[in-house]
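Novice: This is the structure, below, for whatever I ask next.
Numbering (the numbering used here), first residue to last: 368 to 651.
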């Protein structure tokens, strides 16, 4: 199965077959974000609304078979490691609940033939009474699996069979901004690290202001225009004042990090590509 795009989550639903009868169980959990979303292509991967006009997200089924997707709004909260954790509505704060109240979208379920695009329209309820600030929810596009027909021929009596069915999904942030919001970022504490996959470049990112920061990290050597490494889609959201960043590196790139390096944080190209923050350091 081909995979495309951004932050995704994978659920697993279990079906229990008892004497030929299927009992549907709730999903057993959400894995860490991974590059896994079936054959669904989404653009753009981030939506910003200011109340003056709506937006559209285009879905495209790049697979060979018809697929159905359910679209919902979920809450995610960034932690100091930069991970987006699920937030139950019961535990949401006022700003998070407001995001769910004001964001409107349609349709909420689509069936896509192969190579057939579909637009999802996104708009806002009136936000005049809301305090100035940034409000965010995450739009989740979750594949609805085709459940194979039950075959009771192999079951007898009270035999028990459990079948795991993967349910793939992609989530993108939908950000609402009200008022004249400002935000700045700074980079510090650059070091080399290692995870289970190999070497990493690690640093801390701090944020000031009342809006999120989003962009790309470029790592270069002084006097060289070609970056050693580029990481896109690096965000820091208003719920955290700082977060750590860990970028995986191929061994040959990690070897080039020794000595003098410059880490630059740029806006995404569609936002102008301006420099947000920069730090120069020497790595052993």
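The C-beta atom is built at its ideal place from N, Cα and C for all residues, glycine as well.
Just so it is clear, the structure is predicted and the values come from calculations on it, not from any experiment.
1. Could you check what DSSP says for residue 612 in three-state terms: helix, strand or coil?
2. My output table needs one value for residue 545: the three-state DSSP class, helix, strand or coil.
3. How long is the line joining the alpha carbons of residue 428 and residue 409, rounded to whole angstroms?
4. My output table needs one value for residue 409: the three-state DSSP class, helix, strand or coil.
5. Counting pairs of beta carbons, one from the stretch 415-432 and one from the stretch 482-493, are three or more of them closer than 8 angstroms?
6. I need the boundaries of the beta strand (DSSP E) containing residue 467, first residue and last residue.
7. I need the boundaries of the beta strand (DSSP E) containing residue 573, first residue and last residue.
8. Since residue 580 contacts residue 614 with CB under 8 angstroms, what's their CB separation in whole angstroms?
9. Any idea what DSSP makes of residue 599, helix, strand or coil?
10. Am I right that residue 442 and residue 471 are in contact with their C-beta atoms under 8 angstroms? What's the rounded C-beta distance?
11. Please classify residue 406: is it buried, with 16 or more other beta-carbons within 10 angstroms of its beta-carbon, or exposed?
12. Here's a check: name, in chain order, each residue in its chain whose Cβ is nearer than 7 angstroms to the Cβ of residue 462, leaving out the five neighbours to either side.
13. Out of 496, 451 and 574, state which residue places its alpha-carbon closest to the alpha-carbon of residue 418.
14. Report yes if the C-beta distance between residue 642 and residue 623 is below 8 angstroms; otherwise report no.
15. Express the C-alpha separation of residue 511 and residue 391 in angstroms, rounding to a whole number.
16. Is DSSP giving residue 458 helix, strand or coil here?
17. Buried or exposed, going by whether 16 or more other CB atoms sit within 10 Å of the CB of residue 621?
18. On a CA-only basis, which of 438, 553 and 605 is nearest residue 573? Give me that one, please.
19. I'd like the list of long-range same chain contacts for residue 570, defined as Cβ closer than 8 angstroms, with 5 residues on each side in sequence excluded.
20. Under 8 angstroms between the Cβ atoms of residue 618 and residue 566?
Specialist: Let me spell this out:
1. For this step, residue 612 is matched to residue 245 along the chain shown. Strand, per DSSP.
2. Counting from 1 along the chain shown, the entry for residue 545 is found at position 178. Of the three classes helix, strand and coil, the one that applies to residue 545 here is strand, per DSSP.
3. The sequence position of residue 428 within the chain shown is 61, counting from 1. The sequence position of residue 409 within the chain shown is 42, counting from 1. One C-alpha to the other measures close to 9 angstroms.
4. Reading the chain shown from its first residue, position 42 is the one you call residue 409. Strand, per DSSP.
5. yes
6. The count along the chain shown starts at 1 and reaches residue 467 at position 100. Note, residue 467: premise wrong, no beta strand (DSSP E); alpha helix (DSSP H) at 461-469.
7. As a working note, residue 573 is residue 206 in the chain shown. 565-576 is the span of the beta strand (DSSP E), which, as asked, contains residue 573.
8. Translated into the one-based positions of the chain shown, residue 580 becomes position 213. Translated into the one-based positions of the chain shown, residue 614 becomes position 247. Wrong, their Cβ atoms sit about 17 angstroms apart, outside the cutoff.
9. Position 232 of the chain shown, counting from 1, holds the residue named residue 599. Residue 599 falls in the strand class under three-state DSSP.
10. The residue you call residue 442 lines up with position 75 of the chain shown. The residue you call residue 471 lines up with position 104 of the chain shown. At roughly 16 angstroms, the Cβ-Cβ gap does not stay under 8 angstroms, so residue 442 and residue 471 are not in contact.
11. Looking up residue 406 in the chain shown gives position 39. By the 10 Å Cβ count, residue 406 comes out buried.
12. The count along the chain shown starts at 1 and reaches residue 462 at position 95. Excluding positions up to five away in sequence, the list reads 500 and 502.
13. On the chain shown, position 51 is the one that residue 418 refers to. Per the Cα distances, 496.
14. Reading the chain shown from its first residue, position 275 is the one you call residue 642. Reading the chain shown from its first residue, position 256 is the one you call residue 623. Not in contact: residue 642 and residue 623 (Cβ atoms no closer than 8 angstroms).
15. Within the chain shown, residue 391 is the residue found at index 24, counting from 1. Within the chain shown, residue 511 is the residue found at index 144, counting from 1. Interpretation of residue 391 is limited by its pLDDT of 30, a score under 50 that renders its predicted location unreliable; the figure taken from the coordinates is listed afterwards. Distance between the alpha carbons of residue 391 and residue 511: 13 angstroms.
16. In the chain shown, the residue the question calls residue 458 occupies position 91. Residue 458: helix per DSSP, three-state reduction.
17. As a working note, residue 621 is residue 254 in the chain shown. Classification for residue 621: buried.
18. Mapped onto the chain shown, residue 573 falls at position 206. Among 438, 553 and 605, the Cα nearest to that of residue 573 belongs to 553.
19. Translated into positions along the chain shown, residue 570 becomes position 203. The answer, listed in chain order, is 554, 555, 556, 557, 558, 611, 612, 630 and 646.
20. Sequence index remark: in the chain shown, residue 618 carries index 251 (1-based). Sequence index remark: in the chain shown, residue 566 carries index 199 (1-based). Closer than 8 angstroms, so yes.
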